[in-house]
Amino acid sequence: MSGSNEVKYGQPTAPTSGATSTRKPVTVPEIRARKGGVPLTMITAYDATFARMLDEAGTDILLVGDSLGMVVQGNPDTLGVSVDDVVYHCRAVASGTRYAHVVGDMPFLSYQVTPEDALRNAGRVIAQGRAHAVKLEGGSAIADTIARVVAAGIPVMGHVGLTPQAVHAMGGFKVQGRDAEAAARIVDDARVVAEAGAYAVVLEGIPGELATRITAALDVPTIGIGAGVGCDGQVLVCYDLLGMTANLRPRFVKRYDEGFERVVAAARAFGADVRARVFPGDEHTFGAGKGG
Ligand code: KIV
8 MSGSNEVKYG
18 QPTAPTSGAT
28 STRKPVTVPE
38 IRARKGGVPL
48 TMITAYDATF
58 ARMLDEAGTD
68 ILLVGDSLGM
78 VVQGNPDTLG
88 VSVDDVVYHC
98 RAVASGTRYA
108 HVVGDMPFLS
118 YQVTPEDALR
128 NAGRVIAQGR
138 AHAVKLEGGS
148 AIADTIARVV
158 AAGIPVMGHV
168 GLTPQAVHAM
178 GGFKVQGRDA
188 EAAARIVDDA
198 RVVAEAGAYA
208 VVLEGIPGEL
218 ATRITAALDV
228 PTIGIGAGVG
238 CDGQVLVCYD
248 LLGMTANLRP
258 RFVKRYDEGF
268 ERVVAAARAF
278 GADVRARVFP
288 GDEHTFGAGK
298 GG
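In our numbering, the protein residues as written are 8 to 299.
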């Protein structure tokens, strides 16, 4: 801010890497075409600042996950998230995104009651939230709903296996499809969801061999989380990836940073500076005269 009288808070910055200048926006046809090719990357985002950083990093897909109920709102599960919440966070993410494909998660009971409800709510996520697609959890039970939303021109990403909105039915966030019967049900769910028109399917919390089998059986890309390396892409919650969750270290997460410790250390350093009257220094302080 030196040399300027303007006070700017958190202004958007231009991309810092020249590499981004040749990038084109990631589209549904491109995602479909990545089946069996270079693996897709998807990371959750909930605000414009994170969206800008993840987009700058070349992430293909930003998912405004209903995990926001846990990592942003601090709830024990995703069930309390509303369509208004998803629309709000999608709009923020869309504002910070130039190239990535933005997917809005349809929250609990926004699509399970009637296909008409589903279409109306998906339409809000697209029109008001400015997402490019929606994601719905579930298999055969929601196939007609997926077909209805897709028929209206809204791309749908499926999500089978461990479906967090069914946390109580599953008895917790537990790996699914471990026995032959449960595995066959998940294979069937994934196939039905793809046949209903989903352009990609998230496979969450299932054994690696099962995910590899489903990936081979589908014409559309699979994106795994806790599903091994055999998928067409991988997704992580950004706070997990950055190590911002203090006590939670699930096996399927690779922490690429220790964000929790780093934020605590930065906040401690700020506190120490303020208490010692070291911050703000002269360089952070405006003078009385013009240009001062
Ligand atoms: O809500 C979410 O973040 C998700 C991903 C974990 C796939 O659904």
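Built from N, CA and C at the ideal position, the CB exists for glycine as well.
For residue i, three-class secondary structure by DSSP
i, result
"M251", "coil"
"D112", "strand"
"T48", "strand"
"G178", "coil"
"A205", "coil"
"K31", "coil"
"Y118", "coil"
"D196", "helix"
Best match in the options for proximity to residue i [C-alpha to C-alpha]
i, options, result
"T170", "M164, F180, L75", "F180"
"A203", "D67, T152, F267", "T152"
"A197", "L210, R284, A279", "L210"
"G307", "F115, V71, D226", "This structure does not reach residue 307, given that the chain is present from 8 up to 299, and the question cannot be answered."
"R30", "R41, G215, T66", "T66"
"V224", "V200, V244, C245, Y246", "The question names Val, yet the displayed sequence has Ala at residue 224. Out of V200, V244, C245, Y246, V200 has the C-alpha closest to the C-alpha of A224."
"H96", "T85, P83, G111, Y106", "G111"
"A158", "E123, A283, V167", "E123"
"M60", "D280, T104, L75, A273", "T104"
"K42", "V208, A52, A191, P162", "V208"
"T229", "P257, M164, A52", "M164"
"H175", "V132, V109, D84", "D84"
"V156", "E63, V244, A205, G250", "A205"
"A154", "L126, H166, A134, G240", "L126"
"F259", "E268, V236, V270, R269", "V236"
"V132", "G184, Q183, E188, L70", "L70"
"N128", "A138, A140, M113, H139", "M113"
"R192", "V141, Q172, L217", "L217"
"A55", "F267, Q241, A107", "A107"
"A234", "A273, G184, M251", "G184"
"T51", "R98, E37, A40, G72", "G72"
"G240", "M49, P32, V100, D280", "M49"
"D34", "G168, M77, I161, G81", "This sequence places Thr at residue 34; Asp is not what is there. Selected option, being the one with the closest Cα: I161."
Endpoints, alpha helix (DSSP H) assigned at residue i
i, result
"H96", "90–102"
"E123", "122–134"
"H166", "Note, H166: premise wrong, no alpha helix (DSSP H); beta strand (DSSP E) at 163–168."
"L61", "55–63"
"T85", "Neither: T85 is in no alpha helix (DSSP H) and is coded neither H nor E."
"T152", "150–158"
"P171", "Element bounds for P171: n/a, residue is neither H nor E."
Residue interval of the beta strand (DSSP E) (run including residue i)
i, result
"V71", "68–71"
"L75", "Here L75 belongs to no beta strand (DSSP E); instead the alpha helix (DSSP H) covers 75–78."
"V141", "140–144"
Query raised in the report: For the ligand KIV, which residues have a Cβ under 7 Å from at least one heavy atom, in chain order?
Result: Listed by chain position, these are T51, L70, G72, D73, S74, T85, D112, K142, H166, P171, V209, E211, I232, V242, V244.
Query - Sequence ranges, beta strand (DSSP E) only - wholly within the segment 214–296, length at least 3 - result: As far as the segment 214–296 is concerned, its whole beta strand (DSSP E) runs of at least 3 residues are 229–232, 240–243.
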